[in-house]
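Residue numbering for the sequence shown follows UniProt numbering, starting at 5 and increasing by one per position.
Heads up, the thing below is written out as structure tokens.
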Amino acid sequence: GLADKLQATFKKLRGRGKLSEADVADAMREVRLALLEADVNFKVVKDFVAKVKERSVGLEVMSSLTPAQHVIKIVNEELTALMGGTQSRITISSRPPTVIMLVGLQGAGKTTTAGKLAHMLIKQNKRPLLIAADIYRPAAIKQLQVVGERLGTPVFSLGDKESPVTIAKKGVEHAISLGRDVVIIDTAGRLHINDELMDELANIKQQAKPHEILLVVDAMTGQDAVSVAETFNGRLGLDGVILTKLDGDARGGAALSIKAVTGCPIKFVGMGEKAEALEPFHPDRMASRILGMGDVLSLIEKAQAAVDIDKAREMEEKLRKDAFTLDDFLEQLQQVKKLGSMEQILSMIPGMGGLSKKLEGAELDEKELKRTEAIIRSMTRKERRDHTIINGSRRKRIALGSGSKVQDVNRLLKQYAEARKMMKRFQEMQKSGKKLSGFR
Ligand code: GDP
Ligand code: MG
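Quick look at the structure:
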């Protein structure tokens, strides 16, 4: 992912005392390449890099973040902004039915998406009606009818003898008479954009008066999807985009460019062929996905908010000297408790998910923490500094002294050993950016 590339870039810069403007420019060249490789529109890339550069040079690095983390944070924020910042929803009309018109080229996924949308709406206690307005493609009507049957949703059709405009208009009237509150019009596409298609869609728009015109585009077509969006938006005025087949898109170029190029937000993404495989589009999650770094950023943000910075530094120092004792462990547990459960935290660190399973039962509730404290307090100072000297009979003594079972003592020692390992790894992750200090 992009994050790996960025990490690699910053590794190259390791060992320098201070980063000059030229160093930042170097790193940004890598960002530029990574984005172009992801098939992002070149103009978008240019603006993006300029913005990140502007924010990175002369940066006041937060004490809790390494410069590399800080720049990645900026890249993440700018990627999110690029895709619209926050989630864009469809507008539900105060006077039902809300009319949604799906447009797009052949094979983009309109009919499939019509079914997915209906499925989603039903789950939200809405009563959708599907309109079969694709009269050109053989079996197009049947395809929608099958979808409707499976969902238990009515499908309005007048066969293929009436015009799509008439079908759409009568369909909306039918929905009103049935008391359906959302109408989804499945229109015909073409292999390529042409005037006939655009005129037909413009006519449907005029007659059916949709509240939302949503363009369905195939993510895997990359920059073609972006130019399709530009053309449709110019002719029809789009309210949003549904990006399908994101499950097969390894690059993310369309997702990153569409909003920036057309001004139209992506509202949903298709993640598969099944009816459930439609998700609201979250720019921040997509940015993290593109960066390929799980939820590391939210972890960093959470840690920043909750953990005492000096304490963290002290802990880091101890880790470096391999002097992370059971006393430190207890203190760390108390800090961690402010962040949430250990499992939650581990699941946010890439590659650490497996460890969270091992630590099952490490949920830190108040009682557990008290017991842990009692066990550690029952150890001698020497034992707390070196857990390896705690043998079987000592474990029994400690259990007795703290009013717990030997199993509890064993579990705690195991957790401590795992935590040491985990913190070492986290430490190494941080170190990759550490030597950049002086980045201003
Ligand atoms: P239309 O011509 O625009 O109506 O396209 P269809 O709805 O008939 O879909 C064309 C093909 O794309 C079908 O095989 C769908 O199953 C497939 N498809 C649609 N959306 C998705 C998606 O989000 N992911 C995947 N993998 N396939 C999809
Ligand atoms: Mg279709």
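Just so you know, even glycine gets a beta-carbon here, dropped at the ideal spot from N, CA and C.
Only a predicted model underlies this, so the values are computations on that prediction, with no experimental measurement involved.
Any non-hydrogen atom of the ligand GDP closer than 7 Å to residue i Cβ
i: aspartate 243; result: no
i: glutamate 283; result: no
i: lysine 249; result: yes
i: valine 220; result: yes
i: glycine 238; result: no
i: glutamine 110; result: yes
i: residue 2; result: With the chain covering only 5 through 444, there is no way to say anything about residue 2.
i: glycine 276; result: yes
i: threonine 157; result: no
i: threonine 117; result: yes
i: glycine 226; result: no
i: glycine 183; result: no
i: glycine 256; result: no
Under 8 Å between C-beta atoms of residue i and residue j
i: threonine 248; j: alanine 112; result: yes
i: glycine 215; j: threonine 102; result: Glycine is not the amino acid found at residue 215; the sequence shown has histidine there. Yes, they are a contact pair.
i: lysine 271; j: serine 92; result: yes
i: alanine 259; j: alanine 223; result: yes
i: arginine 381; j: alanine 42; result: no
i: leucine 83; j: isoleucine 246; result: no
i: lysine 209; j: leucine 162; result: no
i: valine 230; j: asparagine 80; result: no
i: aspartate 243; j: isoleucine 217; result: yes
i: leucine 125; j: glycine 152; result: no
i: threonine 115; j: leucine 148; result: yes
i: lysine 120; j: alanine 281; result: yes
i: isoleucine 379; j: leucine 416; result: yes
i: glycine 276; j: glycine 257; result: no
i: glutamate 25; j: valine 61; result: yes
i: valine 53; j: arginine 36; result: yes
i: alanine 233; j: cysteine 268; result: yes
i: alanine 206; j: threonine 157; result: no
Nearest residue (CA-CA) to residue i, options the options
i: arginine 385; options: Ile402, Asn414, Lys371; result: Ile402
i: aspartate 138; options: Val169, Pro132, Lys120, Asp288; result: Val169
i: asparagine 395; options: Lys120, Gly183, Val413, Ile246; result: Val413
i: lysine 418; options: Arg399, Gly407, Leu404; result: Arg399
i: residue 4; options: Ala31, Ile393, Ile94, Ser181; result: Shown here, the chain extends from 5 to 444; a query on residue 4 therefore has no answer.
i: arginine 131; options: Arg99, Phe160, Arg184; result: Arg184
i: aspartate 331; options: Ala279, Gly274, Arg389, Arg375; result: Arg389
i: lysine 374; options: Ser406, Met383, Ser397; result: Ser406
i: glutamate 166; options: Val186, Val187, Glu204, Ile197; result: Glu204
i: serine 261; options: Ile78, Ala38, Leu86; result: Leu86
i: isoleucine 197; options: Ala172, Ser181, Leu182, Asp228; result: Asp228
Nearest-angstrom Cβ-Cβ length linking residue i and residue j, presumed shorter than 8 Å
i: glycine 193; j: glutamine 110; result: 4 Å
i: glycine 108; j: valine 220; result: 4 Å
i: threonine 191; j: methionine 105; result: 7 Å
i: glutamate 372; j: leucine 334; result: With a Cβ gap of about 12 Å, glutamate 372 and leucine 334 do not count as contacting.
i: alanine 31; j: valine 75; result: 7 Å
i: valine 159; j: alanine 136; result: 6 Å
i: threonine 90; j: proline 287; result: 7 Å
i: glycine 175; j: valine 186; result: No, glycine 175 and valine 186 are not in contact; Cβ-Cβ is about 12 Å, not under 8 Å.
i: leucine 155; j: alanine 279; result: 7 Å
i: aspartate 164; j: isoleucine 145; result: 7 Å
Residue i CB to nearest heavy atom of the ligand MG below 7 Å
i: proline 144; result: It should be pointed out that residue 144 corresponds to alanine in this sequence rather than to proline. Yes.
i: lysine 114; result: yes
i: aspartate 30; result: no
i: arginine 141; result: yes
i: aspartate 138; result: yes
i: aspartate 190; result: yes
Which residues DSSP lists as bridging residue i, in chain order
i: alanine 137; result: Thr191
i: methionine 32; result: DSSP, once it has assigned bridges, lists no residue as partnering methionine 32.
i: leucine 148; result: Answer is none; leucine 148 lacks a bridge partner.
i: phenylalanine 285; result: The partner list for phenylalanine 285 (beta bridge, DSSP) is empty, contrary to what the question assumes.
i: proline 132; result: Val186
i: valine 75; result: For valine 75, which the question treats as bridged, DSSP gives no partner whatsoever.
i: isoleucine 217; result: Met105
i: glycine 257; result: Note: glycine 257 sits in no beta bridge, so no partner.
Residue i CB to nearest heavy atom of the ligand NAD below 7 Å
i: aspartate 253; result: Among the ligands modelled here, namely the ligand GDP and the ligand MG, the ligand NAD does not occur.
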